[in-house]
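Engineer: So in this note's numbering, spot 6 of the sequence shown is number -9, and the numbers just go up one at a time.
Please find one structure pasted underneath; my questions will follow.
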Amino acid sequence: MATFELKKNDAGAYHFNFVGAEGKTILRSEQYSSKAAAQNGIESVRKNADQEGRYELKESSSGQFYFNLKAANGQIIGTSMMYADNAEREKKIAEVKQGAAKASVMEV
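Below, the structure is given as structure tokens:
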């Protein structure tokens, strides 16, 4: 089952990862100044994950594929890992769409 991992770094900032059913990180958030802000980010992923138009498909300068998940206001909520091909990227987008709404939150 997919989960959100909520983490606090040594500087006191928070971020979260969306981890797919296979246990691998699919999406990482930006840094947040508070736990509450990071939790709001998780809720934004849940709210926007099933909306096709929220995914910005990108290709790195090294030819790898990734995506950004954006909120309604255009702000990036999370950025995916890099994938070797478009098919793998599409598979991971489908995992986010299917799993985000019901994913539990685990503080690590």
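Just so you know, even glycine gets a beta-carbon here, dropped at the ideal spot from N, CA and C.
Return yes when the Cβ of N33 is within less than 8 Å of the Cβ of L12, no when it is not.
Structural biologist: In this structure, L12 lies away from N33, with their beta-carbon atoms at least 8 Å apart.
Engineer: Under 8 Å, with one C-beta from each stretch per pair, do the stretch 42 to 53 and the stretch -12 to 7 reach the 3-pair mark?
Structural biologist: no
Engineer: So within the stretch -7 to 43, which uninterrupted alpha helix (DSSP H) runs reach at least 4 residues, ignoring any that extend past its ends?
Structural biologist: 20 to 33
Engineer: Less than 6 Å between C-beta atoms, sequence neighbours within five positions excluded: which residues of the same chain meet that for Q16?
Structural biologist: A(-2), H0
Engineer: Quick check on this structure: which residue in E75, A56, K9 has the alpha carbon closest to the alpha carbon of N25?
Structural biologist: Closest by alpha carbon: A56.
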